[in-house]
Amino acid sequence: MRIVFDIGGSVLVPDKPDIGFIKAIAYELTKISEDHEIAVVVGGGRVSREYIQAAKTFTPNETFKDYIGIHITRANAMLLIAALGEKAYPFVVQDFRKAWEVIQVKKVPIMGGTHPGHTTDAVAALLAEYLQADLLVVVTNVDGVYDSDPRKNPNAKKLDRITVDQLVEIAMQAESKAGGSSVVDALAAKFIQRGKIKTYIVGKRDALHLFEVVKGKHGGTVVEPKE
Ligand code: UTP
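Under the working numbering, the letters of the sequence shown match residues 12 to 238, in that order.
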């Protein structure tokens with residue numbers, strides 16, 4: 012299989028880099044790469060939010076702030092490159108075609124952000140579409156997709172299996188609320204829909220067993236593409 016992993020910055024670098032988690036995930040990714048072609052996209056997490064917040068003091072320029080966020084995602088990508096060692100392409104990949112090239116030479120391309128105006132969820136979904144991946148695995152700070160925000164509603168129910176249309180609806184609803192954030196951002200959900208990409212959305216605990224996750228063994232949410 013060809014698999015793209017989208018690893019949220021808040022999972023990899025919650026307050027500071029989670030070294031235990033980075034080690035564990037690097038081990039799992041290396042194991043998976045023995046049987047599959049893989050590519051990884053990592054997010055910025057809290058550090059990028061803090062830098063963007065600080066920059067607001069000095070500039071109203073949103074695109075400029077997005078560039079700051081992109082730099083932080085790339086710093087996180089470098090950490091994962093270091094953890095993967097020989098198996099990883101040694102530079103942060105900045106372009107989807109380069110990611111394809113890297114896969115051809117049997118290395119793992121690791122990306123952060125690419126262009127202003129979206130998040131790394133959207134990058135991962137587009138990369139999966141471009142590479143014609145069989146599977147996109149989103150690792151995030153909730154353990155799947157819920158019918159409402161589990162941080163606000165204690166009765167929220169996790170959905171084991173949803174259609175991509177449901178994912179788009181849930182993501183759009185969350186983003187339309189002030190301060191709302193979705194498990195996957197709305198643009199990424201749209202790309203997953205357009206690219207007809209089978210997607211698993213899992214939490215940090217499942218991510219420690221990514222080797223099992225790619226076989227479909229996880230407690231997260233399966234997003235079924237439309238035929
Ligand atoms: P993230 O993808 O980390 O956003 O990018 P996030 O929503 O905070 O996700 P988590 O918490 O890591 O899961 C951080 C910021 O970097 C900029 C955006 O400003 C984004 O909010 N960015 C990132 C871009 O402008 N373009 C990209 O391709 C990626």
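Virtual Cβ for every residue (Gly too), placed ideally from N, Cα, C.
- Taken through DSSP and simplified to helix, strand or coil, residue 122 comes out as strand.
- At least one heavy atom of the ligand UTP sits closer than 7 Å to the Cβ of residue 134.
- In the structure shown, residue 81 falls within a helical segment according to DSSP collapsed to helix, strand and coil.
- By the 16-neighbour rule on beta-carbons within 10 angstroms, residue 46 is exposed.
- One Cα belongs to residue 85, the other to residue 133, and the distance between them is close to 15 Å.
- For the set 215, 176, 161, the Cα lying nearest the Cα of residue 169 is the one of 161.
- Closer than 7 Å to some heavy atom of the ligand UTP: that describes the Cβ of residue 55.
- Residue 38: member of the alpha helix (DSSP H) spanning 30-46, first to last residue.
- DSSP places residue 138 within a helical segment (H, G or I) once states are collapsed to three.
- The C-beta of residue 101 has fewer than 16 other C-beta atoms within 10 Å across all chains shown, which makes the residue exposed.
- Inclusion of residue 149 and residue 212 in the CB contact set at 8 Å is warranted, their separation being smaller than that value.
- Contact between residue 175 and residue 234 holds: CB atoms are separated by about 6 Å, below the 8 Å threshold.
- Between residue 105 and residue 13, the CB-CB gap reaches or exceeds 8 Å.
- In this structure, residue 27 has its beta carbon at no less than 7 Å from each heavy atom of the ligand UTP.
- Nearest Cα to residue 43 within the set 130, 119, 180, 209: 119.
- Look at residue 60: its beta carbon is less than 7 Å from one of the heavy atoms in the ligand UTP.
- Exposure of residue 116 is indicated by the presence of fewer than 16 other C-beta atoms within 10 angstroms of its C-beta.
- For residue 75, the number of other beta carbons within 10 angstroms of its own is below 16, and it is reported as exposed.
- Proximity of the beta carbon of residue 77 to the ligand UTP is indicated: a heavy atom of the ligand is located closer than 7 Å.
- With a cutoff of 8 Å on beta-carbon distance, residue 131 and residue 17 are scored as near each other.
- Rounded to whole angstroms, the Cβ separation of residue 208 and residue 147 is 5 Å, and the two are in contact under 8 Å.
- Contact between residue 28 and residue 90 is confirmed by a C-beta separation of about 6 Å, below the 8 Å threshold.
- Pairing residue 60 with residue 20, the inter-Cα distance amounts to about 10 Å.
- With a beta-carbon spacing of about 7 Å, residue 218 and residue 22 fall inside the 8 Å limit used to define contacts.
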